[in-house]
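Numbering of the sequence shown is given in UniProt numbering, commencing with residue 1 and proceeding in unit increments.
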Amino acid sequence: AGYALQFPRKGTSDYVIITRGMPNLSAVTVCLWIKTADTGNDGTLLSYAVFGKCNALLMIDYGNLRIFINDHGSGSTSVSANDGKWHHICLTWENTAGSWKLFRDGSVTVSGKSFQTGNVIRGALVLGQDQDSKGGKFEAHQSFIGEMTGINIWDHVIKDQEIARMSKSCLTGVGNVFQWREFKAHIKGSVKIIKPSC
Numbered sequence: 001a002g003y004a005l006q007f008p009r010k011g012t013s014d015y016v017i018i019t020r021g022m023p024n025l026s027a028v029t030v031c032l033w034i035k036t037a038d039t040g041n042d043g044t045l046l047s048y049a050v051f052g053k054c055n056a057l058l059m060i061d062y063g064n065l066r067i068f069i070n071d072h073g074s075g076s077t078s079v080s081a082n083d084g085k086w087h088h089i090c091l092t093w094e095n096t097a098g099s100w101k102l103f104r105d106g107s108v109t110v111s112g113k114s115f116q117t118g119n120v121i122r123g124a125l126v127l128g129q130d131q132d133s134k135g136g137k138f139e140a141h142q143s144f145i146g147e148m149t150g151i152n153i154w155d156h157v158i159k160d161q162e163i164a165r166m167s168k169s170c171l172t173g174v175g176n177v178f179q180w181r182e183f184k185a186h187i188k189g190s191v192k193i194i195k196p197s198c
């Protein structure tokens, strides 16, 4: 799984999409590594969408990360990751208390409760674009420009200490919903497979 994906330009044709069925998620951990120096776009890290809910799960704007679950947003987090360096970004959420945490480089940067309590997440997964309908309706100003690696998704909340450990090496962790090795086969447009530099 030692590869990274390079998203070379602003536009709507470069992305990765996986449409295979996935379980309804009552809890989730999403972790990935990103490297970008782009300050002109609301770069989208990843998005899940279903018919009727285009933001089932959305991580957008590497200049000021925002999280959406089932079309409800976290608001501004003041967390940025677009300084041209590699950053490890993780999101955890569970629906019992609606508690969520956003991590950058192994540390909790912002957290909250009562966020989409009792709801579940389901949908098609896209890297690098924000879906405004399931599997499409991308907008160029929301495209990701830069590199990604090590994206994994779990169906449970991973402990803070484990996320801190994963942030020390860019190829750690194997998701039980999606694993990084799966994404290579689903590239669209000019996304390039490169060696990871983190």
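C-beta: ideal position from N, C-alpha, C; glycine also.
With 16 as the cutoff for other CB atoms within 10 Å, does residue i come out buried or exposed?
i, result
"serine 47", "buried"
"isoleucine 34", "buried"
"asparagine 24", "exposed"
"asparagine 176", "exposed"
"glycine 173", "buried"
"alanine 4", "buried"
"serine 197", "exposed"
In whole angstroms, give me the CA-to-CA distance for residue i and residue j.
i, j, result
"threonine 19", "glutamine 129", "14 Å"
"lysine 184", "valine 110", "31 Å"
"histidine 88", "asparagine 82", "12 Å"
"glycine 84", "arginine 104", "14 Å"
"alanine 97", "serine 26", "11 Å"
"glutamine 6", "isoleucine 193", "6 Å"
"valine 108", "isoleucine 67", "14 Å"
"glycine 63", "threonine 77", "10 Å"
"aspartate 160", "methionine 59", "19 Å"
"alanine 140", "lysine 195", "26 Å"
Are the Cβ atoms of residue i and residue j separated by less than 9 Å?
i, j, result
"phenylalanine 138", "leucine 45", "no"
"residue 200", "leucine 127", "Residue 200 is absent from the structure shown; the chain starts at 1 and stops at 198."
"serine 190", "serine 74", "no"
"glycine 146", "alanine 37", "yes"
"valine 157", "tryptophan 93", "yes"
"cysteine 170", "leucine 91", "no"
"leucine 65", "valine 79", "yes"
Bridge partners for residue i per DSSP, in chain order?
i, result
"serine 107", "Arg104"
For a test of your reading of the model: does the CB of residue i fall under 8 Å from any non-hydrogen atom of the ligand NAP? Yes or no.
i, result
"isoleucine 145", "You won't find the ligand NAP in this model; it holds no ligand whatsoever."
Query raised in the report: What beta strand (DSSP E) runs, 3 residues minimum, are completely inside the segment 34–90?
Result: If we require 3 residues or more, the beta strand (DSSP E) runs fully inside the segment 34–90 come out as 44–50, 53–60, 66–69.
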